[in-house]
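Everything in the sequence shown is counted per the numbering used here, starting at 1 for the first residue and increasing by one.
Please read the structure below before turning to the comments.
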Amino acid sequence: MSAPAWSPELSAAWTRYAAALARLPGGAADADHLRREVLPAPGDAWQTARAVAAWARFRPHALLARRVRPERRGLLARRLLDRGRGPGDEWDVCDPVLMARLDHLAALAAEVDAVLATAAGRFPGVRLGRLGESVDPWPHTLSQTSQPAPDDWPGLRNLFLAALEGALPAARGAVAARLLAGADCATFLRTEGATPEARFCYRALLDCEPGLLPRLDPKTLEIAAVPAGAETLAVASDRPAGTVLGVERFAAPPDRPVLRVSSGAQWTGDADGSVMSPGSDPESVVAAAVRELWALSDAPVWRASLAPFADSLGAGLVPDPGQLCTLFDVAAAADAHVPADAVGPVLARLAAACGATLLDAVGYDPTADEVVTGVRAVPVFRNAEPAGAVVRVRSFGLVAGGQIVRPAEVAVSAGPRPPGFAEMEDLVARAPDPVRGETQGALAALRPAGLRGYLEPAAVDLFQLFWGRARLPWAATDAPAAAAFAAALANLLDERFGIKTFEPRNFFDHPDGWVTVPPGARVSSGRVIELQMPGLVDSAGGLRLPALATAE
Numbered sequence: 001m002s003a004p005a006w007s008p009e010l011s012a013a014w015t016r017y018a019a020a021l022a023r024l025p026g027g028a029a030d031a032d033h034l035r036r037e038v039l040p041a042p043g044d045a046w047q048t049a050r051a052v053a054a055w056a057r058f059r060p061h062a063l064l065a066r067r068v069r070p071e072r073r074g075l076l077a078r079r080l081l082d083r084g085r086g087p088g089d090e091w092d093v094c095d096p097v098l099m100a101r102l103d104h105l106a107a108l109a110a111e112v113d114a115v116l117a118t119a120a121g122r123f124p125g126v127r128l129g130r131l132g133e134s135v136d137p138w139p140h141t142l143s144q145t146s147q148p149a150p151d152d153w154p155g156l157r158n159l160f161l162a163a164l165e166g167a168l169p170a171a172r173g174a175v176a177a178r179l180l181a182g183a184d185c186a187t188f189l190r191t192e193g194a195t196p197e198a199r200f201c202y203r204a205l206l207d208c209e210p211g212l213l214p215r216l217d218p219k220t221l222e223i224a225a226v227p228a229g230a231e232t233l234a235v236a237s238d239r240p241a242g243t244v245l246g247v248e249r250f251a252a253p254p255d256r257p258v259l260r261v262s263s264g265a266q267w268t269g270d271a272d273g274s275v276m277s278p279g280s281d282p283e284s285v286v287a288a289a290v291r292e293l294w295a296l297s298d299a300p301v302w303r304a305s306l307a308p309f310a311d312s313l314g315a316g317l318v319p320d321p322g323q324l325c326t327l328f329d330v331a332a333a334a335d336a337h338v339p340a341d342a343v344g345p346v347l348a349r350l351a352a353a354c355g356a357t358l359l360d361a362v363g364y365d366p367t368a369d370e371v372v373t374g375v376r377a378v379p380v381f382r383n384a385e386p387a388g389a390v391v392r393v394r395s396f397g398l399v400a401g402g403q404i405v406r407p408a409e410v411a412v413s414a415g416p417r418p419p420g421f422a423e424m425e426d427l428v429a430r431a432p433d434p435v436r437g438e439t440q441g442a443l444a445a446l447r448p449a450g451l452r453g454y455l456e457p458a459a460v461d462l463f464q465l466f467w468g469r470a471r472l473p474w475a476a477t478d479a480p481a482a483a484a485f486a487a488a489l490a491n492l493l494d495e496r497f498g499i500k501t502f503e504p505r506n507f508f509d510h511p512d513g514w515v516t517v518p519p520g521a522r523v524s525s526g527r528v529i530e531l532q533m534p535g536l537v538d539s540a541g542g543l544r545l546p547a548l549a550t551a552e
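So this is what it looks like as structure tokens:
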């Protein structure tokens, strides 16, 4: 089907518009793009429709939404909708010079619309009389820097139906389906019908990503044959070999897309054993997951962490494991304010779409080898949780290519907190080096000991370390703190395990072995003149740890 060349009036109006566009900050590239995509005379109806649709992207409201100082949400949505095009130079909407130039641009755009409306009869199938009706007022446009709100879909639908009506009647249903949200999509396609030409044309016109197309019945959008010039990508599917499953990437002209074609092999599932529907699009899963993750928190650190995923999608790439691991770290950060119970399922879908498997607390076994399972336990004291119970996921892990890229970290209850434990942590934090490091390590060892069931021996080891190596150097710099730690440790042993301390006054007052003296020392009267370490006795009166003293 042929189409007449643009009229001199229309070409002149577009030329004036391009000149004004070039005067905007960063507008030179857009003006050059407009001259290359719109101004050349079309050779047929396909090129006519594509040029008119491209003109809609260079109108003032579209430029403003794309160039206004972006929030991350707008940046994500624009990169999903407009492959490879970032926001360009940012615009300050408070700049009166900029707003005056935009108003001038709007006036020129109205002039173009008027010429198009009066000349619509000369361009079969390209009736743009309603094009200007879709232009939103500036304040509303500023609020729509992301994907349009549901209330805006009807206006956009009318805009593109007007552009395509006549020359491309088969595209009407497909265009309306893209612009109608939710369940209305499939209904509209079934009633209006869709052809291979519509499948290619409307996506090229709208220049949007496959991930934003609502999932439809494959039979509704089935393509009978691969067009000449189209590239193919073999995909495992239970559909017959050669069946076109969908579009991997669209192109302009629209008859040169990259198509996913069934290889006839049965899909065996993802790395985690889940089975995706035949022809499902990993990129669409990534895009949907990114939008869900965006909505979980408005913390700047969280939303900034989603930028690499928008970059990957904008470049047509699937995010790599490194980007996923960074996102996992941010999700666990306190300043991200991400709800732990909501983020896990979304991250699992995101990881699966990237060919990886999310590791969390599912199937955690405290007795298993953590290197093999890929789940690292971080014991924490919890009064309300029994030892071994998973409290929460501290950071997610990842398996990719059959290898553990990073282990998951889960907080696991070590049982009730020992009495005085928090006070002891505060005290030892003020101890001098090297006492602080050694004593802190022995105190921290009580957590894994509580998880594994040997808390009592670990507490006795701490008692022996403190009195044997830490007390004297600590007391030399801060005697009250050292004494307070000793009292808190003795109270812990007594309250939790019924183990009490004893301080001998005479070597001969206790059974053999209950009091030890330094090697080589002779004992005569047995009077204790210096106590190096109290002894410990259990609740049954048996010796738990002998005292160490110097005696006459």
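Glycine is no exception: its CB is placed at the ideal position from the N, C-alpha and C atoms.
Model, not experiment: these values are computed from the prediction.
Answer yes or no: do A442 and D461 have a C-beta to C-beta separation smaller than 8 Å?
Cβ distance < 8 Å, so A442 and D461 count as in contact.
Every unbroken beta strand (DSSP E) within the region 401 to 452, with a cutoff of 3 residues, ordered by chain
For the region 401 to 452, whole beta strand (DSSP E) runs of length 3 or above, ordered along the chain, are 403 to 406, 408 to 413.
Please classify G420 as buried or exposed, where buried requires at least 16 neighbouring CB atoms within 10 angstroms.
By the neighbour-count definition (other C-beta atoms within 10 Å, threshold 16), G420 is a buried residue.
Below 8 Å on the Cβ atoms is my contact criterion, and I expect A361 with V390 to pass it. Report the Cβ-Cβ distance as a whole number of Å.
In this structure A361 is in contact with V390, their Cβ atoms being roughly 4 Å apart against a cut-off of 8 Å.
Spell out a yes or no on whether the region 476 to 492 and the region 512 to 528 are touching, meaning 3 or more CB-CB pairs, one atom from each, closer than 8 Å.
The region 476 to 492 vs the region 512 to 528: no contact.
Take A449 as the anchor and find which of E423, G415, A342, P534 has the nearest alpha-carbon.
Measuring from the Cα of A449, the nearest candidate turns out to be G415.
Skipping 5 residues on each side, what residues in its chain have a beta carbon closer than 6 Å to that of V405?
Take V405, set aside five residues on each side of it, and the residues of its chain with a beta-carbon closer than 6 Å to its own are P321, L398, in chain order.
Unbroken alpha helix (DSSP H) runs of length 4 or more, entirely within the region 446 to 506: which are they?
Qualifying alpha helix (DSSP H) stretches, in chain order: 446 to 452, 455 to 465, 471 to 497.
For the 8 Å Cβ check, are there 3 or more pairs between the region 330 to 344 and the region 287 to 296?
Yes, the region 330 to 344 touches the region 287 to 296.
Give me the Cα-Cα distance between A331 and V428, rounded to the nearest whole angstrom.
Approximately 31 Å, taken between the alpha carbons.
In three-state DSSP terms, what is E292?
Looking at E292 - three-state DSSP - the assignment turns out to be helix.
Please name the residue in F328, A334, E111 whose C-alpha comes closest to that of T357.
For the residues F328, A334, E111, the minimum Cα distance to T357 belongs to F328.
Integer Cβ distance of V410 from V393, believed to fall under 8 Å
Right, their Cβ atoms sit about 5 Å apart.
From which residue to which residue does the beta strand (DSSP E) around E37 run?
Note, E37: premise wrong, no beta strand (DSSP E); alpha helix (DSSP H) at 27 to 37.
Would you call the CB atoms of A336 and V301 closer than 8 Å?
Their beta carbons are under 8 Å apart, which means A336 touches V301 by this criterion.
M424 and F568 - do their beta-carbons sit closer together than 8 Å?
The requested residue 568 does not occur in the structure, where the chain is confined to residues 1 to 552.
Among Y364, V412, R376, G401, the one whose alpha carbon lies nearest that of A384:
Ranking Y364, V412, R376, G401 by Cα distance to A384 puts V412 first.
Would you mind sorting S539 into buried or exposed? The rule is 16 or more other CB atoms within 10 Å of its CB.
Its Cβ having fewer than 16 others within 10 Å, S539 is exposed.
Helix, strand or coil at A361 according to DSSP, with G and I counted as helix:
Under the three-state reduction of DSSP output, A361 falls in the coil class, being neither helix nor strand.
Pull the bridge partners of A18 from the DSSP assignment, please.
Answer is none; A18 lacks a bridge partner.
Report the rounded CA-to-CA distance for A422 versus P534, giving the unit in angstroms.
So the two alpha carbons sit approximately 23 Å from each other.
Throw me the rounded Cβ distance for the V286 and A351 pair, which I believe falls under 8 Å.
Not quite, the Cβ-Cβ distance comes to about 10 Å (not below 8 Å), so this is no contact.
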